[in-house]
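A.B. asks: These protein sequences, in sequence, are chains A and B.
For the first sequence, this note's numbering gives the first residue as 1, with consecutive numbering after it.
For the second sequence, this note's numbering gives the first residue as 328, with consecutive numbering after it.
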Amino acid sequence: MSNDKIIEVKDLKKHFRIKSEGATESTSLLKAVDGITFDVLEGEILGVVGESGCGKSTMGKTVLRLYDKTEGEVLYRGEDLFAKSEVQMKEMTRKMQMIFQDPYSSLNPRKKVAKIIGQSLDIHKIGTSAERLDRVKYLMEEVGLNPKFRSRYPHQFSGGQRQRIGIARSLALQPEFIVCDEAVSALDVSVQAQILNLLLDLQERHSFTYMFIAHDLGVVEFISTRILVMYLGRIVEIATKEELVNRHVHPYTKALFIASPVVSPRDRKEGKHLFQGDVPSPINPPSGCHFHPRCPYAVEKCKHAYPPLKEISPGHSAACWVVQNDI
Amino acid sequence: MNQHEKETLLSIEDLNFSFTTQRGIVRAVRDLSINIKKGETLTLVGESGCGKSVTAHAINQLNPMPPGHVDSGKIVFNGTDLLTLKKSEIEALRGTQISMIFQEPMTALNPVFTVGSQIADVFLTHQDMTKQEAMEKAVELFRLVKIPAPERRVHSYPHQLSGGMRQRAMIAMALASPNPGLMIADEPTTALDVTIQAQILDLLQDLKQHIEMSILLITHDMGVVAEMADRVVVMYAGRKVEEADADSIFHNPHHPYTLGLLNSLPSNKKYKGARRLEAIDGTVPDLLTIGEGCPFANRCVYQTGECSRSFPKETIISESHSVWCHNYQAVKTENRQ
Ligand SMILES: Nc1ncnc2c1ncn2[C@@H]1O[C@H](COP(=O)(O)OP(=O)(O)OP(=O)(O)O)[C@@H](O)[C@H]1O
Ligand SMILES: Nc1ncnc2c1ncn2[C@@H]1O[C@H](COP(=O)(O)OP(=O)(O)OP(=O)(O)O)[C@@H](O)[C@H]1O
Ligand SMILES: [Mg+2]
Ligand SMILES: [Mg+2]
C-alpha cells in the first residue's frame, strides 16, 4: 500500500427529496449523506460500517458518480469526477466498479450469464467477439464458476454463485477501484469464506483498491486495512484497522463493538448495555451531534453543536466533543 | 443440566420430506429427529439449501403440498401429531401457540394492507379488543422492535419500508400472538445491523424468560448461535450431522462440516493477522442425484471409502452430544488443542 490517494472525497453531500408520508403534496429532504470527507489510498481496503440506513450504499454510489451529488467534491487521482463529460465518465467506469448489495435484483433475469459478465466489454467494444468470450470464460474461472455454465440464466444459480456473477461482471474491465457493498452479507459462512479469499487473491494479483461496506464486524475486521464508521450520514470515526478495533473512542463505535455478537457461548454477557432511545431518521435528524439522544456520555454542548471530525492521534480521527475534550 | 428434566414441547421424529419436481424428486429433509424442550432455544444451522426452512415449515404445514410431501415421520407438539391435523386445526394453533418469523418478510406481509393493520388483525382474531386498541398495540410492538417513528410507520405499506424495517415489522407480527409456546424464527436478523440485531435477540431472550417460550432459531450466523443457543443441530444436505449443547459445538466439534463452519468464520481467533481464511472447498451436492452415502463426503478431508456407501449411524459422545460421521475419531484427534 502506498500513500497515493486514489480517491479524495471532500464535504460530499447527497440529499434525496422525498414525499412526506401521509401528505401527498409536500416533500421533505432526506440527508442520506451529509458532508463527509475522507481519502482512499491506493491498494488499501477501506472498511465501512454503520447502522442500517446511515447512508453507506448512498455514499458508495455517489463516490462512483452512480448518483449525482448534492454538494461537495470527489477527486479521482486529483481530477474532479463530477466535472467530467459523459464520454469521459464512460471511460472512468473502466477504472471504477461496484459490487451491488443485492445479487438477486442487480442481475438481469432475462440475460444469460455470459452476456451479463461481458456487458461492459460489449459496451466498450473491447476486442473481437471471440476475444470477449475468452475473457468471460477467464473471468468465470477466476471467480470459481464453471465456464460451461455461461449459457445459463441467473435464477439457475445459487445465491453464492449469483454473488460471484456480480463480482465477475465488476472485474471484466480490470477496474482499479471497487466498491463492495455488502458483497458477502447474504451468504452462508462457507461460501462467504470462499468469496473473501477470492477478493484478497484478486487484490494481490491486480493490486486493486476496495471500499468494503458490511455490517458484520468480524468480516470487516478481517479484510480491511482501515475502517470508517458512519452514523446518520456522517463519519464519526476513522482509523487504521488495528487502531479502530483496539482503541476506538466514539460512543457509537463503542456501542457497535459491544453489540457485535460473541464468538463463543462462553463469552455471553447478561444485559449488554445497549443504547436506549428511538432510532433517529435522516429526514429529521436530532440537533447537535446526531448521536446525542442515544449517547450515555452526552453533555449540554452535544445537543447544540455538531462536533467536527478531528484527529485525536496520528491517522485516527473522531467526531465527538467529549473525546476531543472540548466541553 | 435441568434441561433434561424439562418436558418436551416439540419432537420431530424421523421426518422425511421431499418435493416432486420436473427434474426428479428432491429429498429436502431426511431421517430428521429434533427435540425441543419447554423454555429451550434450539438453533438449526447449516449451509444454504440444507433443509432448514423446509423443516420449519413442515411443523406448521406451510410447505406447498404438492409438490411437497411428507414421506414418513411424526411431528408431535404438546402430545398431538401435527401432521395428522386438519388445515383448520393447524391454523388455530398458528398465531396462538406457534408463532413464526419468516425468512422472507415479503412472503408473510400482504402488500395491499398497511403493516399496522396486519398486526392489528392478529390481535382482533385472537383477542377481544376494539380496532383502536389493536392499532395501539401494533404501535407498541413497532416501538418494541425499534422501528423509528412507530406511530407513522404503522401506516406504511410493506414496500415503503427498508429491508431491515420489513423484517422488524414481521417480528412485531409474530409477537402479536397471545401466548406462543413455540416461536419459530427463520433467519430473523439477517438484514439487520449488529446494534438492532442485538436488541432483537435481547427481546427474544426476554420473552423466553417471561412466558416460558421455546425458540426454534434458524440462522447461518454463528455469532447469533453463540449468543442464543442452548442446543445446536447442524444440518447438511437434508441430514442432521451433529447435535450438541452450544458449548460443545463451539469448543469440541466432532463433525468435519461443523469444524469447517467454525474455521470459515473471519472472527475466529486464529485469523488474527492472517490474510486468508480456511474455506471448505467445493460445493453442496445436487439433492436430486444424492445417494445413500454421507452428503458431505465429496468435500470432506477425512473422507474414506465407507463414506460414499452409507450414511453413518449416531455416535453418542456424551449425554448432550451426538455426531453422525464414520471418521469422527480422526476429526477429534486432529483437533484436540
Ligand atoms: N433512491 C433513494 N430515494 C430516497 N431515499 C433513499 C434512496 N436511496 C436511499 N435512500 C434513503 O437514504 C438513507 C440511506 O440509505 P442507504 O441505502 O445509503 O443506507 P445503508 O447505510 O446502505 O443501509 P443498509 O445497511 O440497510 O444497506 C435511508 O434513509 C434510505 O431510506
Ligand atoms: N417448492 C419447492 N420445490 C422444489 N424444491 C424445493 C422447494 N422448496 C425448497 N426446495 C428445495 O429444498 C431444499 C431445502 O430448502 P430450504 O429452503 O429448506 O433450505 P434452507 O436450509 O432454508 O436454505 P437457506 O439458508 O438458503 O434459507 C433446497 O434444495 C431447495 O431447493
Ligand atoms: Mg446499503
Ligand atoms: Mg431458509
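Glycine is no exception: its CB is placed at the ideal position from the N, C-alpha and C atoms.
Note that the structure is predicted; figures quoted are calculated from it, not measured.
1) So, does the CB of P475 (chain B) fall closer than 8 Å to a CB anywhere in chain A?
2) Could you say which of B:C652, B:L615, B:L614 lies nearest to G632 (chain B) if we only look at CA atoms?
3) Does N325 (chain A) have its Cβ less than 8 Å from a Cβ in chain B?
4) Pick out whichever of B:Q445, B:A476, B:V472 has its Cα sitting closest to the Cα of M462 (chain B).
5) Taking CB distances under 8 Å as the criterion, tell me whether N246 (chain A) reaches chain B.
6) Measure the beta-carbon distance from M211 (chain A) to G50 (chain A) and round it to whole angstroms, keeping in mind my assumption that it falls under 8 Å.
7) Would L588 (chain B) count as contacting chain A if we go by Cβ distances under 8 Å?
8) Rounding to the nearest angstrom, what Cα-Cα distance links L337 (chain B) and G406 (chain B) in this structure?
9) Ends of the beta strand (DSSP E) at L409 (chain B)?
10) What are the partner residues of Q97 (chain A), as DSSP defines its beta bridges?
11) According to DSSP, simplified to helix, strand and coil, what is K31 (chain A)?
12) Using the Cβ count rule (16 or more neighbours within 10 Å means buried), how would you classify N329 (chain B)?
13) Check whether chain B comes within 8 Å of H316 (chain A), counting only Cβ atoms and requiring the distance to be less than that.
14) I want to check one thing, is the minimum distance from the CB of D533 (chain B) to the heavy atoms of ligand 4 below 7 Å?
15) For E142 (chain A) and T27 (chain A), I'd like the C-alpha separation in whole angstroms.
16) Does ligand 2 have a heavy atom nearer than 7 Å to the CB of K379 (chain B)?
17) Could you name the residues of the same chain whose beta carbon sits closer than 6 Å to that of L30 (chain A), not counting the 5 residues immediately before and after it, in chain order?
18) Does the beta-carbon of V299 (chain A) have 16 or more other beta-carbons within 10 angstroms, so that it is buried, or is it exposed?
19) Identify the contact partners of D188 (chain A) in chain B, using a Cβ-Cβ distance below 7 Å as the criterion.
20) Please return the same chain residues whose Cβ sits closer than 6 Å to the Cβ of H648 (chain B), not counting the five positions on each side in sequence.
21) As a quick exercise: from B:H578, B:L604, B:E569, B:L592, pick the residue whose alpha carbon is nearest that of C621 (chain B).
22) Measure the alpha-carbon distance for S129 (chain A) versus I425 (chain B) and round it to whole angstroms.
23) Skipping 5 residues on each side, what residues in its chain have a beta carbon closer than 7 Å to that of T70 (chain A)?
24) Between K95 (chain A) and the rest of its own chain, which residues show a CB-CB distance below 6 Å, the 5 nearest in sequence each way excluded?
25) Among A:L196, A:P286, A:A318, whose alpha-carbon lies nearest the alpha-carbon of E237 (chain A)?
26) Against N197 (chain A), what residues of chain B qualify as contacts under a CB-to-CB distance less than 8 Å, listed in chain order?
27) What are the residues in the segment 46 to 60 of chain A lying within 9 Å of chain B by C-beta distance?
28) With a threshold of 8 Å between beta carbons, is Y598 (chain B) in contact with chain A?
29) Should H290 (chain A) be flagged as near chain B, meaning a C-beta pair shorter than 8 Å?
30) Here's the rule: buried if 16 or more other CB atoms are within 10 angstroms of the residue's CB, otherwise exposed. What is K567 (chain B)?
31) In chain A, which residues lie less than 8 Å from G491 (chain B) when you measure between Cβ atoms?
32) Can you give the beta carbon distance from M98 (chain A) to L66 (chain A), rounded, assuming they're within the 8 Å contact cut?
33) Please list the partners that V353 (chain B) has in chain A, where partner means a Cβ-to-Cβ separation under 7 Å.
34) Between D513 (chain B) and ligand 4, is there a pair consisting of the residue's CB and a ligand heavy atom that are separated by less than 7 Å?
35) Determine the DSSP secondary structure at R626 (chain B), reduced to helix, strand or coil.
36) At what residues does the alpha helix (DSSP H) containing Y67 (chain A) begin and finish?
C.D. replies: Concretely, from the data shown:
1) Position 148 of the second sequence, counted from the start, is the residue given in the question as residue 475 (chain B). P475 (chain B) counts as touching chain A.
2) Position 305 of the second sequence, counted from the first residue, corresponds to residue 632 (chain B). Selected option, being the one with the closest Cα: B:C652.
3) If you number the first sequence from 1, residue 325 (chain A) lands on position 325. No, no contact with chain B.
4) Position 135 of the second sequence, counted from the start, is the residue given in the question as residue 462 (chain B). For the residues B:Q445, B:A476, B:V472, the minimum Cα distance to M462 (chain B) belongs to B:Q445.
5) Indexing the first sequence from 1 puts residue 246 (chain A) at position 246. By this cut-off, N246 (chain A) is not an interface position.
6) The residue labelled residue 211 (chain A) in the question sits at position 211 within the first sequence. The residue labelled residue 50 (chain A) in the question sits at position 50 within the first sequence. With 8 Å as the limit, M211 (chain A) and G50 (chain A) do not qualify as a contact, their Cβ atoms being about 13 Å apart.
7) For the purposes of this step, residue 588 (chain B) is identified with residue 261 of the second sequence, where counting begins at 1. Chain A places a beta carbon closer than 8 Å to that of L588 (chain B), counting this residue as a contact.
8) For this step, residue 337 (chain B) is matched to residue 10 along the second sequence. For this step, residue 406 (chain B) is matched to residue 79 along the second sequence. Roughly 8 Å between the two C-alpha positions.
9) Taking the second sequence and counting its residues from 1, one reaches residue 409 (chain B) at position 82. Going by DSSP, L409 (chain B) is part of no beta strand (DSSP E) at all; its letter is neither H nor E.
10) For the purposes of this step, residue 97 (chain A) is taken as residue 97 along the first sequence, with counting starting at 1. The partner list for Q97 (chain A) (beta bridge, DSSP) reads A:I178.
11) Position 31 of the first sequence, counted from the first residue, corresponds to residue 31 (chain A). Residue state, collapsed to three classes: strand.
12) Position 2 of the second sequence holds residue 329 (chain B). Because the pLDDT at N329 (chain B) is just 49, under 50, the model does not fix this residue reliably, and the value given afterwards should be weighed accordingly. Residue environment for N329 (chain B): exposed (fewer than 16 other C-beta atoms within 10 angstroms of its C-beta).
13) Here residue 316 (chain A) corresponds to residue number 316 of the first sequence, with the count starting at 1. Not one chain B Cβ lies under 8 Å of H316 (chain A).
14) Numbered from 1 along the second sequence, position 206 holds the residue referred to as residue 533 (chain B). No; taking the cut-off as 7 Å, the Cβ of D533 (chain B) has no heavy atom of ligand 4 nearer than that.
15) To locate residue 142 (chain A), count along the first sequence from 1; it is residue 142. To locate residue 27 (chain A), count along the first sequence from 1; it is residue 27. Cα to Cα, E142 (chain A) sits roughly 47 Å from T27 (chain A).
16) The residue given as residue 379 (chain B) occupies position 52 in the second sequence. In terms of side-chain proximity, the C-beta atom of K379 (chain B) is found nearer than 7 Å to a non-hydrogen atom of ligand 2.
17) Indexing the first sequence from 1 puts residue 30 (chain A) at position 30. Contacts found: F16, I18, P282, I283.
18) Locating residue 299 (chain A) in the first sequence gives position 299, where the first residue counts as 1. Exposed, by the Cβ-count rule.
19) The residue you call residue 188 (chain A) lines up with position 188 of the first sequence. In chain order: E374, S375, H547.
20) Within the second sequence, residue 648 (chain B) is the residue found at index 321, counting from 1. A571, S575.
21) Counting from 1 along the second sequence, the entry for residue 621 (chain B) is found at position 294. Answer by Cα proximity: B:E569.
22) Taking the first residue of the first sequence as 1, we reach residue 129 (chain A) at position 129. Taking the first residue of the second sequence as 1, we reach residue 425 (chain B) at position 98. If I take the Cα positions, the gap works out to 57 Å.
23) Counting from one through the first sequence, the residue named residue 70 (chain A) turns up at place 70. Excluding residues within five positions, the ones whose Cβ falls inside 7 Å are K13, K14, H15.
24) Within the first sequence, numbered from 1, the residue matching residue 95 (chain A) stands at position 95. Within the same chain, K95 (chain A) has close Cβ partners P175, E176.
25) Working through the first sequence from its first residue, we reach residue 237 (chain A) at position 237. Cα-wise, what sits closest to E237 (chain A) is A:A318.
26) Your numbering for residue 197 (chain A) matches position 197 in the first sequence. Result: R603, L604, A606.
27) Per Cβ criterion, the list reads V49, G50, E51, S52, G53, C54.
28) As a first step, residue 598 (chain B) must be located in the second sequence, where it is residue number 271. Yes - at least one Cβ of chain A is within 8 Å of the one on Y598 (chain B).
29) Stepping through the first sequence from its first residue, residue 290 (chain A) is reached at position 290. It does not: the Cβ of H290 (chain A) has no partner Cβ on chain B nearer than 8 Å.
30) Here the question's residue 567 (chain B) lines up with position 240 in the second sequence. With 16 or more other Cβ atoms within 10 Å, it is buried.
31) Counting from one through the second sequence, the residue named residue 491 (chain B) turns up at place 164. Going along chain A in sequence order, the residues near G491 (chain B) (Cβ under 8 Å) are S52, G53.
32) As a working note, residue 98 (chain A) is residue 98 in the first sequence. As a working note, residue 66 (chain A) is residue 66 in the first sequence. Contact flag correct, Cβ pair sits at about 7 Å.
33) Taking the second sequence and counting its residues from 1, one reaches residue 353 (chain B) at position 26. Under the 7 Å cutoff, chain A gives no residues; its nearest Cβ is about 14 Å from V353 (chain B).
34) Along the second sequence, read from residue 1 onward, the residue named residue 513 (chain B) stands at position 186. Indeed, a heavy atom of ligand 4 lies less than 7 Å from the Cβ.
35) Taking the second sequence and counting its residues from 1, one reaches residue 626 (chain B) at position 299. Three-state result, R626 (chain B): helix.
36) Here residue 67 (chain A) is taken as the residue at index 67 of the first sequence, counted from 1. Y67 (chain A) -> no alpha helix (DSSP H), and no H or E assigned at all.
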